[in-house]
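> Below are the structure tokens for one structure; questions will follow.
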Amino acid sequence: GYGCADHYLESDTLLHCCQALAELLRAPAARDIVCDVGMPVMHRNVRYNCRVIFLNGKILLIRPKIILANAGNYRELRWFTPWSKPRHVEEYFLPRIIQEVTGQETVPFGDAVLATKDTCLGTEICEELWAPNSPHIEMGLDGVEIFTNSSGSHHVLRKAHTRVDLVNSATAKNGGIYLLANQKGCDGDRLYYDGCAMISMNGDTVAQGSQFSLDDVEVLVATLDLEDVRSYRAEISSRNLAASKVCPYPRIKVNFELSGSDDVAVPPYIPIQWRHHSPEEEICLGPACWLWDFLRRSKQAGFFLPLSGGIDSSATACIGYSMCHQVCLAVKNGNAEVLADARRIVNDEAYVPEDPREFCGRIFTTCYMASENSTQETCNRAKLLAEQIGSYHINLNIDAAVKAIVGIFSLVTGQSPRFSAYGGSSRENLALQNVQARIRMVLAYLFAQLTLWTRGMPGGLLVLGSSNVDEGLRGYLTKYDCSSADINPIGGISKTDLKSFIQYCIENFQLTSLRSIMSAPPTAELEPLVDGQLSQTDEVDMGMTYAELSIYGRLRKIAKAGPYSMFCKLISIWKEICTPREVASKVKHFFRMYSINRHKMTVLTPAYHAENYSPDDNRFDLRPFLYNTTWSWQFRCIDKQVNALFFYGFIFKSKGLS
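Take the sequence shown: its letter number 647 is residue 880 in my numbering, and every next letter is one higher.
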């Protein structure tokens with residue numbers, strides 16, 4: 234995996250990897266199996282990301298990675314150097330700890346393949362599958378029939394089919410058998426690795442692993458006929474013509490057979506249809522598994538969620554409830570490790586989680602923090618949802634704390650700020666909203682630390698945040714409010730997808746309380762009510778809709794569009810609903826708000842990475858947080874284009890052209 238990050242720079246990591254490799258080399262379970270394991274290897278004072286391939290206690294080949302992942306979430310070039318000598322093998326002097334196990338002094342190191350008595354095997358590593366010049370192409374032309382790929386590919390909504398298509402395409406064009414093993418679980422940060430191990434032959438999937446599960450280990454098996462590969466390749470004349478010209482790979486001879494004389498009657502596997510999860514299912518399962526990994530590995534006693542009765546916090550509550558479902562299901566299916574973790578978390582060695590609602594009541598605390606600006610409707614929605622998922626629910630009022638904080642300010646300055654509804658300025662109005670929001674964060678951490686103490690239970694709770702990816706992009710959140718938490722399971726998910734997920738939970742978990750939450754307008758409830766009714770809604774506050782925000786986000790990050798390019802794209806996309814001048818106004822407003830609030834990304838709560846337009850500046854979206862928020866040059870270019878479009882439009886109309 235990539236999770237070691239800068240620990241790869243430490244000699245300890247290399248040492249401990251060698252120690253682990255020595256254990257594997259000795260392991261009786263690894264006998265008579267060609268094993269392909271990954272680890273960092275230092276060769277001639279250069280650190281490489283490698284596959285170590287061994288059989289019966291002997292290392293056959295160390296194969297360094299040729300193409301490194303160095304975009305998005307990955308910084309592989311920071312820790313490793315790519316092997317730049319194609320089809321070249323050198324001697325690698327083994328560390329003493331490995332020599333003592335294998336009896337070998339040196340082993341081959343480089344770009345080579347393995348030739349057994351009955352077939353030829355090659356390996357590629359993670360990113361190499363995604364590259365336009367993937368090694369499996371040339372290896373396949375050179376007669377390699379079985380390819381292995383050990384991957385660290387993280388979950389992104391709607392991404393799984395891309396990975397599957399790449400593997401099946403590799404074997405469809407060139408024939409062969411492809412084994413993909415992908416990392417599973419949270420590796421200690423924002424990413425969740427979603428498994429999806431698979432075996433493909435000649436363009437068809439023959440075995441599929443689960444995408445989301447709490448099982449740490451999953452094994453796929455398939456019995457395949459090598460003659461099917463050979464006959465498939467034999468009739469592709471273009472492939473055979475290219476193969477006749479290919480530069481051969483160094484072959485490491487292995488005195489071993491993968492097949493036997495008695496396997497004639499073994500039935501081969503037949504192709505299967507890959508079953509993809511819907512985006513709603515992915516949201517339900519992926520973040521839930523991520524939460525479980527965080528909970529069990531942090532050794533905390535549960536989660537604390539400020540539950541406002543809105544879509545975002547309700548979606549977070551549903552993900553927590555889904556996690557409880559997954560735990561109960563894993564225990565029912567005999568997962569002893571999950572059972573042991575659950576017993577440790579609830580501090581009961583005899584406990585067996587069978588009912589998700591009952592388990593939720595033990596590990597999940599929700600809290601509605603009312604103020605004088607809150608409505609009874611949101612309070613009731615939060616309470617009803619908590620009852621339906623079974624969480625331990627708290628109702629409290631923050632008005633006394635707000636008045637105390639504002640009172641200190643008034644005592645010191647002699648001034649009393651007012652909401653704009655009562656004649657105050659916009660500065661006063663914003664400051665009074667922020668005080669409420671920040672007090673909720675302080676109270677969340679206080680209750681997370683001591684709620685279990687008041688119930689006579691040991692441990693503390695992890696605080697969950699519930700701001701979505703669109704609000705993070707726009708900066709529509711108070712710095713150090715309830716968006717500041719330990720982790721955030723929905724911070725990489727759009728508002729649009731969260732609404733679809735809420736509907737999924739209504740239908741699949743029978744959480745009928747979500748219907749009223751779905752129909753209510755999103756609101757922060759930080760400004761005074763007018764005649765007992767809401768006077769504040771999110772989209773009015775932001776000056777843009779959540780649907781527009783998703784479009785801005787994808788254009789800004791995925792399409793790499795600055796203000797001018799975004800304007801040029803949107804005048805075409807929105808030509809039926811907006812004039813160029815209206816598009817210009819919208820784009821300017823977005824970039825102005827985005828740049829004013831970019832500083833908030835530096836303290837954004839670590840969130841589950843689910844979208845490729847996430848604004849998380851930890852390592853995914855690297856940009857300044859101090860901008861010239863007038864964007865004077867860019868906005869002038871937009872204005873010139875608007876005027877030009879208006880001028881040409883006027884000329885065409887005056888001449889009767891269309």
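Even for Gly, the Cβ is constructed at its ideal location relative to N, Cα and C.
Pull up the distance between the alpha-carbon of LEU310 and that of ILE358, whole angstroms please.
So the alpha carbons of these two residues sit roughly 15 Å apart.
> Do you know how far the Cα of ASN306 is from the Cα of GLU232?
Coverage of the chain is limited to positions 234 through 891, which leaves residue 232 absent and any answer about it impossible.
> Quick one: give me the first and last residue of the beta strand (DSSP E) that THR352 is part of.
Note, THR352: premise wrong, no beta strand (DSSP E); not H, not E.
> Within the continuous beta strand (DSSP E) that includes SER384, where are the two ends?
379-384
> So, CYS522 versus LEU459, is the Cβ gap smaller than 8 Å?
no
> For the structure I just gave you, are there three or more beta carbon pairs, one from the segment 796-807 and one from the segment 817-829, closer than 8 Å?
Counting C-beta pairs with one atom in each stretch, the segment 796-807 and the segment 817-829 have three or more that are closer than 8 Å, which means they touch.
> Rounded to whole angstroms, what is the Cα-Cα separation between SER891 and ALA877?
The predicted position of SER891 is uncertain, since its pLDDT is 44 and thus under 50; a value taken from the coordinates is nonetheless stated next. When rounded, the distance between both Cα atoms is 16 Å.
> If CYS429 and ALA393 are in contact, beta carbons under 8 Å, what's the gap, nearest whole angstrom?
Right, the Cβ-Cβ distance comes to about 6 Å (below 8 Å), so this counts as a contact.
> Name the one or two DSSP bridge partners that CYS268 has.
PHE287
> Beta-carbon separation of LEU629 and CYS600 under 8 Å?
yes
> Helix, strand or coil for SER624 per DSSP?
coil
> State buried or exposed for ARG396, treating a residue as buried only when at least 16 other CB atoms are found within 10 Å of its CB.
buried
> Runs of 3 residues minimum, wholly inside the segment 845-882: which ones carry the beta strand (DSSP E) assignment?
The segment 845-882 contains no whole beta strand (DSSP E) run of 3 or more residues.
> Start and end of the beta strand (DSSP E) containing TYR433?
Checking the sequence shown, residue 433 turns out to be Ser, not Tyr. Element bounds for SER433: 431-434.
> When the Cα of ARG614 is compared with those of SER546, GLU591, ARG590 and ARG577, which residue comes out closest?
SER546
> May I have the straight-line CA-CA distance separating THR756 from ASP771, to the nearest angstrom?
5 Å
> Alpha carbon to alpha carbon, how far is GLU378 from GLY409?
5 Å
> Shortest alpha-carbon distance to MET777 belongs to which of GLU760, TYR827 and PRO483?
It is TYR827.
> To the nearest angstrom, how far is it from the Cα of PRO365 to the Cα of THR314?
19 Å
> Run through DSSP, which three-state label would MET275 get?
MET275: strand per DSSP, three-state reduction.
> Any idea if LEU457 is buried or exposed, counting beta-carbon neighbours within 10 angstroms, 16 or more meaning buried?
A residue is called buried when at least 16 other Cβ atoms come within 10 angstroms of its Cβ; LEU457 meets this threshold and is buried.
> Can you look up PRO341 in the DSSP assignment and give me helix, strand or coil?
strand
> Using the Cα positions of TYR846 and SER717, report the straight-line distance between them to the nearest angstrom.
20 Å
> Report the partner residues of THR599 according to the DSSP bridge assignment.
LEU538 and HIS626
> So what does ILE720 bridge to, in DSSP terms?
LEU697
> Rounded to the nearest angstrom, how far is the Cβ of GLU760 from that of PHE652, given a contact under 8 Å?
With a Cβ gap of about 6 Å, GLU760 and PHE652 count as contacting.
> Do the CB positions of ASN176 and GLY376 come within less than 8 Å of each other?
The displayed coordinates of the chain run from 234 to 891. Any statement about residue 176 would go beyond what the structure contains.
> Does the segment 431-450 come within contact of the segment 237-252, defined as at least 3 CB pairs closer than 8 Å?
no
> Tell me the DSSP bridge mates of ARG280?
MET275
> Which whole-angstrom value describes the C-beta separation of PHE597 and GLY519, a residue pair presumed to lie in contact below a C-beta threshold of 8 Å?
At roughly 18 Å, the Cβ-Cβ gap does not stay under 8 Å, so PHE597 and GLY519 are not in contact.
> Could you tell me the boundaries of the beta strand (DSSP E) in which PHE326 lies?
322-326
> Going by beta-carbon coordinates alone, are ARG280 and THR356 separated by less than 8 Å?
No, they are not a contact pair.
> With H, G and I counted as helix, E and B as strand and the rest as coil, what does DSSP make of ARG296?
strand
> Mind listing, in chain order, the continuous alpha helix (DSSP H) runs of no fewer than 4 residues lying wholly within the segment 476-547?
512-531
> Between which two residues does the alpha helix (DSSP H) harbouring GLY418 extend?
Here GLY418 belongs to no alpha helix (DSSP H); instead the beta strand (DSSP E) covers 417-419.
> Using a Cβ-Cβ distance cut-off of 8 Å, determine whether GLY623 contacts chain C.
Protein chains in the displayed structure number just one, and chain C is not present.
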